[in-house]
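First comes the structure, then the notes that go with it.
Residue numbers (our numbering): 13 to 111.
See below:
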């Protein structure tokens, strides 16, 4: 049975949200953000384009630079990953047998 998602917005990559809600909203360039966050500019650029996932170290940097908890960023990534993989076929057999 397929799930109806018509009433839900699609999950967005956390990097795209970070760019829109933090960087763009505050007119901060990726270069300036990378310098202040002490991370590699190409990596931050790839993150803001949805090409790389939030990792624990990146989540900690995001928390330190935005005040938004690392757990929040990790949960966004988890939600995004589950959303984009929801429709993929799963090839697996049950490990546990009832009764």
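From the three backbone atoms N, C-alpha and C, an ideal C-beta is built for every residue, glycine too.
Short Cβ contact (8 Å threshold) for residue i with residue j
i: residue 85; j: residue 66; result: yes
i: residue 77; j: residue 48; result: yes
i: residue 51; j: residue 73; result: yes
C-alpha gap between residue i and residue j, whole angstroms
i: residue 104; j: residue 53; result: 40 Å
i: residue 15; j: residue 69; result: In this prediction, residue 15 has a pLDDT of 44, which is less than 50 and means its spatial position is unreliable; nothing more can be read from the coordinates.
i: residue 60; j: residue 41; result: 11 Å
i: residue 45; j: residue 94; result: 28 Å
i: residue 43; j: residue 22; result: 29 Å
i: residue 62; j: residue 101; result: 23 Å
For residue i, the three-state DSSP class (helix, strand or coil)
i: residue 34; result: helix
i: residue 75; result: helix
i: residue 46; result: helix
i: residue 6; result: Nothing about residue 6 can be reported from this structure: the residues present for the chain run from 13 to 111 only.
Delimiting residues of the alpha helix (DSSP H) encompassing residue i
i: residue 54; result: 53 to 60
i: residue 87; result: 82 to 97
Can we say the stretch 83 to 97 touches the stretch 21 to 41, given the rule of at least three CB pairs closer than 8 Å?
yes
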